[in-house]
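Residues 547 to 811 (our numbering) make up the sequence shown, in order.
Glycine is no exception: its CB is placed at the ideal position from the N, C-alpha and C atoms.
In this text, all values refer to a predicted model and were calculated from it rather than measured experimentally.
Report on one structure; see the data block that follows.
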Amino acid sequence: MQCSSARKHLYRAEQTSSESLSHPVAAEVARAEAHLESCADCREFFGSEERLKALLRTRAPREVASAVLREQVLSRLAEERRPAGASHLGRIIGSRRVAWASVALLMIAVLAGGFWLRSQRSDRASQRLTSVLVDDHARYLSGETEVTSTDPETVQAWFRGKVDFSFRLPKEGGLTLIGGRLCYLQNRRAALLLYGPPAQRVSLFILDGSDVDLPQERIVKLDERPCLVETKKGYNVVMWKERGLLYGMVSDMRSADLLQLSTRF
547 MQCSSARKHL
557 YRAEQTSSES
567 LSHPVAAEVA
577 RAEAHLESCA
587 DCREFFGSEE
597 RLKALLRTRA
607 PREVASAVLR
617 EQVLSRLAEE
627 RRPAGASHLG
637 RIIGSRRVAW
647 ASVALLMIAV
657 LAGGFWLRSQ
667 RSDRASQRLT
677 SVLVDDHARY
687 LSGETEVTST
697 DPETVQAWFR
707 GKVDFSFRLP
717 KEGGLTLIGG
727 RLCYLQNRRA
737 ALLLYGPPAQ
747 RVSLFILDGS
757 DVDLPQERIV
767 KLDERPCLVE
777 TKKGYNVVMW
787 KERGLLYGMV
797 SDMRSADLLQ
807 LSTRF
């Protein structure tokens, strides 16, 4: 079994319940697990994924309201411990403080809820976009191009007038440019650049990202560039924004290698 097939079977086996995928064939999973035991590259691939997940978990934001809530509870406990002979005026002042604290806590909860809802919407949108990128990457794995050239300037010139934005490709990106083609992602035109040998194809999607928000709580910064790293259907995806454009790089290479490769663009 080839590395790419083994990784896809193992990924589907892991994600069956969380993504409602159909159960993979047990025999194929067994073959994939046997391949994993004998393949150092695949073990390193999955090890890299786990290290990346651990990094993302450590970067998850802490709950802001928890400290406020803790202070509120302590204040209420202190209020209850006051002597029974406390003055009526003191009780009135104390009750007003509690009321204002409750209002403040409610406002904090509303604001936190708003941030959470926006974060959830951004996360769902990025997940949908990730699925679209992965599907198009798989569709053009054979290297089907509309312009075929290893020269970045030739490929850039072909896209002029076909997309409503301009972009530049590095002359030395670390991979061999095969060519490009026009594609449509979520009802918008996008440029698709194809790189690399057939054994390790890399797709670079470029589209207008002015209205696309990447979920900030899962952003990883590399060389001061905020990047979002996703894994879908056995493929790794790195997305980032620059000058209003959204870049999405897809491959079955290790996420750490793909992330490093993205810094050359």
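Distance from the Cα of Gln806 is smallest, within the candidate group Gly790, Leu791, Pro744 and Val784, for Val784.
Taking a cut-off of 8 Å on C-beta distances, the stretch 675-682 does not touch the stretch 705-715, as fewer than three cross pairs fall below it. When the Cα atoms are used, Pro716 and Ala572 turn out to be separated by approximately 44 Å. Where Ala576 is concerned, the enclosing alpha helix (DSSP H) starts and stops at Ala572 to Ser584. Around the beta carbon of Ala578, a 10 Å sphere encloses 16 or more other beta carbons of the protein chains shown; the residue is thus reported as buried. Taking the C-beta atoms as reference points, Val693 is found nearer than 8 Å to Gly725. The beta carbon of Val575 lies closer than 6 Å to those of His555 and Ala559 in the same chain, with the five residues before and after it left out. Considering only Val758, Ser712, Ser594 and Gly780, the residue with the shortest C-alpha distance to Gln548 is Gly780. Counting only unbroken stretches of 3 or more residues, the beta strand (DSSP E) elements lying wholly within the stretch 753-797 are 765-768, 771-778, 781-788 and 791-797, in sequence order.
DSSP places Leu723 inside the beta strand (DSSP E), whose first and last residues are Leu723 to Leu731.
Asp803 sits away from Arg553, with the two beta carbons spaced by 8 Å or more. A distance below 8 Å separates the beta carbons of Ser801 and Asn782.
Of the residues Gln762, Leu791, Arg589 and Ser551, the one whose Cα lies closest to the Cα of Ser712 is Leu791. Going by DSSP, Leu805 is part of no beta strand (DSSP E) but of the alpha helix (DSSP H) stretching over Ser801 to Ser808. In the structure shown, the three-state DSSP call for Arg747 is coil. DSSP places Phe705 inside the alpha helix (DSSP H), whose first and last residues are Pro698 to Phe705. Secondary structure of Thr676 (DSSP, three-state): helix. Per DSSP, Tyr741 is one residue of the beta strand (DSSP E) stretching across Arg734 to Tyr741.
The beta carbon of Gly742 is closer than 8 Å to those of Leu721, Thr722, Ile724, Val748 and Ser797 in its chain, skipping five residues each way along the sequence.
Approximately 15 Å separates the beta-carbon atoms of Tyr686 and Ile752; this is outside 8 Å, ruling out the contact.
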